[in-house]
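This report concerns only the one structure given below.
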């Protein structure tokens, strides 16, 4: 069993940050799903991407540990496509 990892996730659509404590073996896709759920964003998770230290984490099947996340890492979940401002 992998050790729990605390991460901070900013969800751009909600402009809110959530603190998650997940096992290091958790896939990035699950982290994204939980962050969107906790901030009440009801869109499809596949419409969002995760960034860490400014770089997109493309392989969301990768675990938190394999992605190189460290304790208290700050991530951002944002829309893959930019939406026009009205």
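Numbering (our numbering), first residue to last: 574 to 659.
Even for Gly, the Cβ is constructed at its ideal location relative to N, Cα and C.
Going by beta carbons, residue 633 and residue 601 fall inside the 8 Å limit.
Around the Cβ of residue 614, a 10 Å sphere holds 16 or more other Cβ atoms; the residue is buried.
By the Cβ rule, the stretch 640-653 counts as touching the stretch 613-632, because three or more pairs are nearer than 8 Å.
Exclusion of the five residues before and after residue 624 leaves 649 as the residues of its chain whose Cβ lies within less than 6 Å of its Cβ.
Separation of residue 657 and residue 641 (C-alpha to C-alpha, rounded to the nearest whole angstrom) is 33 Å. Boundaries of the beta strand (DSSP E) around residue 579: 577-584.
Taking a C-beta distance under 8 Å as the contact criterion, residue 637 and residue 592 do not qualify as a contact pair.
A residue is called buried once 16 or more other Cβ atoms fall within 10 Å of its Cβ, and residue 608 is buried on that count.
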